[in-house]
Structure formats: C-alpha cells, structure tokens
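To keep things clear, I will list the structure first and then write my remarks on it.
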Amino acid sequence: MRRKLLVLVLVLGASLAFAAVAAAGNGGFAPETPHSPNASRINDSYKLIALLTGLIFVIVEGALVWFIVRYRNRGRPRTAEGPQIHAHTRLELIWTAVPVLIVAAIAAFVFYKLPGIKDVPAAKAQGGPLVVRIDAHQFYWQFTYPNGTISIDELHAPVHRVVEVEIHSQDVDHSWWVPELGGKFDAIPGRTTHTWFQADRVGTYRGQCGEFCGVFHAEMAARVFVESESAYRSYISSVTPMALGGQEWSGVCAKCHGISGQGGYGPAIAANTVLVEQAGLRHILEQGQNVRKPLASYMPPVGRGWTDAQFTALEAYLKAHVYKGAPSGG
Amino acid sequence: MAARAEPVAPYRADWRRGRVASWVTTVDHKRIGILYMATALVFFAAGGILALLIRAQLATPNEHVVTRNAYNELFTIHGTTMIFLFIVPFWAGLANFLVPLMIGARDMAFPRLNAASYWFFFFGGLGMYLSFFASGGAARSGWYSYPPLSEKAFSPGSGQDVWILSLHLVAISSLLGAINFICTIHNMRATGMSWMRIPLFVWAIEIYSILLVAVMPVIGVGLTFLLLDRQVGTHFFDPTHGGSALLYQHLFWFFGHPEVYVIILPAMGVLSEVLPVFSRKPIFGYKAIAFSTVAIGFYSMLVWAHHMFSVGLPNFLNIFFMLSSMVIAIPTGVKIFNWLATTWRGNLILDTAMLWALGFIAVFTIGGLSGIFLAAFPVDWQVTDTYYVVAHMHYVMFGGGVFGVFAALFYWWPKIFGRLLDERLGKIQFWLVFIGFNLTFFPQHMLGLMGMPRRNFTYFHHGLWEAYNLISSIGSGIMAIGMLVFVVNVVQTTRSGARAGNDPWLADTLEWYTTSPPPEHNFDRVPYVTSARPLRDLRRRLAGSSAF
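The listed protein sequences correspond, in order, to chains E and X.
One rule links them: number in the working numbering = place in the first sequence (from 1) + 156.
One rule links them: number in the working numbering = place in the second sequence (from 1) + 329.
Quick look at the structure:
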C-alpha cells in the first residue's frame, strides 16, 4: 500500500514538474516565445494539443505501469493462466470513439486559429503589407525591398508593420524560418511561397534555413532586424553599392573562401585574377563551376539571377578590399 | 530372373552441401530468413556506427570530428541504411522464417524467387556501402535525396548514382519478397486456418506485403526519373527547363509514408504475439487488431503530403492531409488499448522478450502522440525539419521498430537456433538501451522546439542547445554499450546457451509445434486448426486425455 502511494506521488510530482516547466514556456517544452501574431497562434494550438496528448500520455503510461506492478508474475508458474477474456465490444467502441472526439477537438481548434496564422492581414491603416522578396541561394538569403534595395543575410523590417515575404529559390530547396516570427515555408525553384509576420517589439531575431540545402546548410542563417519605422526607412534608402558589395562578399563568397579570401572550404582566391575580370567573374558567379571540371573544383552558381547593380557592387568591393594580386601591366 | 547388381554411380560430394556453398545456394525459407536477419543486423551495426559519429560531431558546438561533407554522407547513409537495409529486410527475414511455420506450410510459395530477393538485397546493400569509395564519396543529399540538390548540377559525384542503383536493387528485392509472402499466406495455410485464425504477425506481414507491392513501384519511378535527369539529360525535376522539383517529393512520400508502416506493422505484429503469451491470456480483441492493421495500411497511403506541409500546398490539401493523418492515429490507439487490455489481470512473466514488448508500448506511445502535433499543419510549420521531427521519428522507428526487433529476437531465438538467449544479459541490454534511447531522443524534442534545424553539420552556442545535445550524445553511447551486451549474449548463447525444447514459452502458434530448430521440411504432420491458438488447444487436449 505504501509503495503504491509512493509511486503515485512520484508520477504526480513528475507530471506537475513537467507542467510547470511547460507553463514557464522555456527550456524547450513549447516553441520559442512568439513575437508575431501568427507565431503566437501556432503556440496556442501547440499548447492545446500538448494538454490533450499529455492527458492521453498519463492515462496510457499510468495504466501500463499499474498493470505491470499489479499483475506481475510474483512466482506463479507459467502454466497459471489469466482470465481468458477475448474481447469486449462496448469497451472497444469507447476507446475508439473517445480518441475520435479528442482528435476532432484538436482539428476544430486548429481551424479556428488557422485564418489568423495563414492569411496576411489586410493592414489597410498601414497602406497594405510591406512586401519583401526573398531569394534563397546556396548558401545565403537575399532580400529585395519595395524600393529595389537589396541586402544579404540580414532583413530589416519596421516594428508593428505587417511584412509579407515572397519566397523564391534560385537553385535547390531551402526553407525560410524565423522561429519567433512564425513557421517555415520552403523556397522551391519554380514556385513562390508566401508568409508574413508583424513583429511586436524592436529587436534582432534569429533565422535559419530549415531544409537541407548542401554543404553550408548550417551556416545559412539570417538575422531579422526589427526597428522603428524611421530607422527602417533610413536603412533602405542608405545602402551604398560598397556596403552591398561588402554584404555580398561576406554572405556569398566568404563562407567558403574565407573572410579575406585566404581559403577555407573553397580555395584561396585573394590573388586570383578572375576577381578583377568582369566577364570571367560574372560567368563563374552565374554558372558556377560544374561537372566537366574535376570534382574538387566544383562551385555552385551563387550569382544566379543577380542584377547588374549587384555584380557591379561586388566587383567594386573586390577591387577595393579583397584582391591582393600583383598589379599587372602597370 | 537372377538378381543383377545395378551399376552404382561413383560417390561424388555435392558441392552444394559445402559449409558456405549450402548457404549461398539455399532455397530453404528458414536459411534465407536467417541470412536476411543476419545481414540486416550487420547493416544495423554499420548504420549505428554512422549514428554514433553523428552524435560525436554534435556533442559540443563547433566540433570537428568529421568534415562537412563526411557529416552529410553520414546522415544520408545512416537513414538509408536503417530504413532500406535494416528494418524492412529484417522483417522480410523474420517473416521468411516464421510465416510458413506459423501457417503450417512446407516452405514459401516460390523458394527460388525467395532466394533471389535475398541476393538482390545483399548486393544492393553492398553497393550502398561501397559507394563511400565512389568519386566524390557517398551520396550526401539526405535519405530522401530531394532534387534539385540531388541533381547532377548540385551533386556532381557518382555516389548519388550508386545510391540510386543500390536502392533499385533493394526495391526489387522487397517487391519480390512481398509478392511471395502474399502468395504464401493466401494459398498455403494449414487445414482449418481461416483468415480469423491466422496469427496476428501473419496479418501484419500480409498488410506489409500489400503496401510494398502498392508503393515500391512509385519510388522506382521517382528514382528512375532522377537517374535519367542525372545521366541522360532529361528534366523531370528541373524547373529551369519546365520540370517540377515538387513532383519528386510527391513520388517519394507516396512511397515514404507507407514505408513507415511497412516498418511498424510487423513490429506491432510481434507485440500481438509476445504480449498474450507472456501475459498468459489470449490477445484482447483479435478482430479489432486485425482490422486496425488493415485500416492503418489503407490510410497510410492517404497521408503522404503531411511530409510536405511547408512547401506551400493549397489550403484544402493541407486540411485533407491533416485530417487523414489524425484519423490514422485512431487505429493505432486501438492497438495500444487492446495490448494494455491483454496484460490486464494476466500472469505477466517479465522475461526479456516481454520487457521489449512493454518498452515498445511505453516509448511508441510518445512517438504516436508527438505525431499529432506534426499532423496539425500550423504547428508542423514551426517544428518540421527540426530536431523535434528527429525525436518523433526515432520514437516511432527505434522505439517501435527496433524494440519490436529485439522482442522478436528474444522470443524466437530458441526456435531459430534451438538455444535460449541469456536472460540476465538480455535484461541488462534492455535497460541500457531503454535508458540510453530516452536520453538520446527525448531532449531532441526540446532542441527542435528551441529552433535547432536537423541535418546541421554544427551549431553555435545558444541557450540550452549545448546541454541537450551533450545529453543526447551521452545517451547514444549508453545505447551502444547495450548493443555490445547483445553481441556478447549471442556469442555466449551460441557456445553454451541453454537448450530450448519445442515450446519453451508455452506459446499459442504452430511454429512452436515443431522442433527447435525445425527440420528442413518443417512439420511431419500439422494439427487441424480450430482457433487462433492451435498450440494451446493441443496442450489442453493432451492434458484432458491424460486425465481421462
């Protein structure tokens, strides 16, 4: 009797402890603290499911442990049989029907939350959502703002404003994901996917590629800088070609070739004359270095879909800051 | 007429009787079954070593145990191995050994086809591991190998081609095996063994086989298209030339999700055999379990796009696949409740086989429940492609599949080899693996919810990521020790294990009627079957007649 009580207290204590941690919302018992309405509605759905499945968990595991303790062999011979019960229709109907009701409740709640997660708010007072185009590449994120400004691996967005993102891929599958601002949406070549967020406070949010995309998948990270409306406006109107070139170098080239072109996963390129040959550089960025060459010299087409301005910005940056070749021809 | 001595052909040793040659040329379902299981367990060890390397790499942030490319090869071949070269062939092997014995047959319907399907599997698996020596190394675009990443333009090495070739061979093997099982189960059952009297493991193999026949051709198509894209220059999956990268995902998951049930249904079948025998009760709700197996098989072909919720499918498709995925939880729940009811008021004999079966219920329930989160597609948008899915999937595949494999090994080992595995070592192994498994995979739920994507070569200092990753890696080491204990157990049992009689567990089904190990022809005579528990009937008749 005392042992039973002890087991009961332990089980209850453990489940209470888990519930307390879950309620505190950290430690990984719920998705990360949401900072956008869609993310927080996903969290609501998560919590309801956690409650109901938690209940089933306690019932099933509780019954399992109870039966093992209560009906264990205790020295009875193997020939001692339990009662030969073959089935019980009413009982079986109950444990089929109750899960149906639980699942239906979950589905109904998800449907109730769904429009607030999926649909981009009209945001009429703000003059409609701010639309940003995302181009996913091996292994960087490129953001194009409504005025044509481009940034790499960092997205700037105004706080409280509805931001709709249009997700494209220029090579393989990727997935756009900023946990605190909502779920993932894949970037698939030939398709466009959409999602949105409306950040509720100024700050920096961590984003990471969610779909395995190749050798530098783990480094395909993005930062979302949510800032005041005026800070956002001054950012998108003040990105100089040299600044863009710098972002391109560190986001597109340096992950493999090293921050000063000294080499890393890819070869050292600081002294490679291709860096300053306009046509040669464009060709290798757009086409990559492909299968006809030895495997070791493979390079993905990282500059596919770039604008002239992007190439020019990179060329200028390479000449000014990276290229260490001997000045040729005087 | 006087007797005349017939000229006797001079005695010549048949080369087919040699120690190795007899195994290579065998068409006996029991030997093929043993070959299958032994090969699958070798691949289990190989895939497990790959997994240990993955966990070593992820034990701490910014680790460099392996190179980036090697890491990607590791998780690609680990996944491919465990699914295609370990669990599915292991069930093929176990079913090969058991199905004819359980239904009272002499052999499989097509013994030579049976041998062929084993050798296709053998060479497919060999090719997969030799691909580490291919130019550019083994395939490294994930066990699902989505194009465009797996296309020539982004994966130029020939490892990917070898991967396709090997999977083709393994797929042919599964298909041939499945057809053979269906023919055997439909045509060769003992007298009196109606559909409601076949063992539930045989029900599971029936549905396993039907699923394989239904979906293996689809993955064959997907792989062939991929191979043509890579080698011949077609553009099935290349959107820049009018192809569709998404098409492959549909082809792959139309196969890939039923494949999950191909893995789990036989494990559930094993449970439905082990639990009643070690509870000393009949299975609770035979019909409900048999029909839930059929229902799971059917619905498993209607849920594939829940692997694709984040690709931006139309809303009505997301809703359809959410509902179908939730519906499939119902028959799964029915099974769990029926198993629990089987143990209720029983005489629970906690031998190692029973521990694995009860452990299955404990951990598989967690995997099933975490699946409900993933079926709700808005929640899936948050946790898909994170460690949450890794945790969920291992609770199902390992907590279900591997726990089922060990329940089967400890239960049927005496029938297969005539000796009982050591119970003490078995229990040590069970607890090491049970604890190690939960330490490895439970924290991965938390990692996923905290935003750690899967298939990442490394990660950075970020809150509790380090703690959970380290716990996970330690757990994988504990599991590995548990597996070593099993190796010791096998060696020890082979040398000096206790002899098992025909029926050491006082079981219910026909395979325990014959000797351990069974003779080549299986049975001298098969008793007339009047229920789903022919052996218990026989024991009672014998007890009755002696009393008389």
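We treat Cβ as the ideally placed atom computed from N, Cα and C, and that holds for glycine.
Assigned secondary structure, residue i (DSSP; H/G/I helix, E/B strand, else coil)
i, result
"Thr563(X)", "coil"
"Met398(E)", "helix"
"Asp342(E)", "strand"
"His330(E)", "strand"
"Gly749(X)", "The sequence given here has Leu at residue 749(X), not Gly. Of the three classes helix, strand and coil, the one that applies to Leu749(X) here is strand, per DSSP."
"Ile323(E)", "strand"
"Gly419(E)", "coil"
"Leu478(X)", "coil"
"Ser307(E)", "strand"
"Gln466(E)", "helix"
"Thr349(E)", "strand"
"Met455(E)", "strand"
"Pro782(X)", "strand"
"Arg228(E)", "strand"
"Leu677(X)", "strand"
"Leu498(X)", "helix"
"Leu556(X)", "helix"
"Leu642(X)", "coil"
"Leu835(X)", "coil"
"Met330(X)", "The pLDDT assigned to Met330(X) is 48, lower than 50, so where the model puts this residue is not dependable; a value taken from the coordinates is nonetheless given after this. Residue state, collapsed to three classes: coil."
"Leu286(E)", "strand"
"Lys480(E)", "coil"
"Ile378(X)", "helix"
Residues bridged to residue i (per DSSP)
i, result
"Glu383(E)", "Pro314(E)"
"Phe727(X)", "According to DSSP, Phe727(X) bridges with nothing at all."
"Asp291(E)", "Gln298(E) and His324(E)"
"Gly585(X)", "According to DSSP, which records beta bridges pairwise, Gly585(X) is partnered with nothing at all."
"Ala378(E)", "Gly363(E)"
"Gln445(E)", "Met455(E)"
"Ala827(X)", "Leu749(X)"
"Thr715(X)", "Pro782(X)"
Whole-Å CB distance - residue i paired with residue j, under 8 Å assumed
i, j, result
"Leu541(X)", "Ala596(X)", "Rounded, the Cβ-Cβ distance is 15 Å, inconsistent with contact."
"Pro345(E)", "Ala574(X)", "6 Å"
"Gln443(E)", "Pro457(E)", "5 Å"
Any C-beta of chain X under 8 Å from that of residue i
i, result
"Ala186(E)", "yes"
"Ser331(E)", "yes"
"Pro345(E)", "yes"
"Ser394(E)", "no"
"Gln298(E)", "no"
"Val259(E)", "yes"
"Gly238(E)", "yes"
"Asp309(E)", "no"
"Gly339(E)", "yes"
"Ala469(E)", "no"
"Ala378(E)", "no"
"Gly486(E)", "Reliability of the predicted coordinates at Gly486(E) is poor, the pLDDT of 39 falling under 50, and the value obtained from them is presented with this limitation in mind. Output row for Gly486(E): interface = no."
"Gly461(E)", "no"
Proximity below 8 Å, CB of residue i to CB of residue j
i, j, result
"Gly598(X)", "Ala533(X)", "yes"
"Ala670(X)", "Val603(X)", "no"
"Phe483(X)", "Asp327(E)", "yes"
"Leu642(X)", "Leu552(X)", "no"
"Trp352(E)", "Asn194(E)", "yes"
"Gly488(X)", "Ala467(X)", "yes"
"Leu414(X)", "Ile493(X)", "no"
"Gly521(X)", "Thr859(X)", "yes"
"Ile592(X)", "Met726(X)", "yes"
"Leu381(X)", "Arg234(E)", "no"
Proximity test, Cβ basis, 8 Å: residue i and chain E
i, result
"Met651(X)", "yes"
"Asn785(X)", "yes"
"Phe483(X)", "yes"
"Ala367(X)", "no"
"Thr277(X)", "The structure shown has nothing for residue 277(X), since chain X only spans 330 to 877."
"Phe702(X)", "yes"
"Ile493(X)", "no"
"Tyr724(X)", "no"
"Arg518(X)", "no"
Original post:
For the stretch 655-681 of chain X, which residues have a beta carbon sitting closer than 7 Å to at least one beta carbon of chain B?
Top reply: Going by chain labels, chain B is absent from the structure shown, which instead holds the protein chains E and X.
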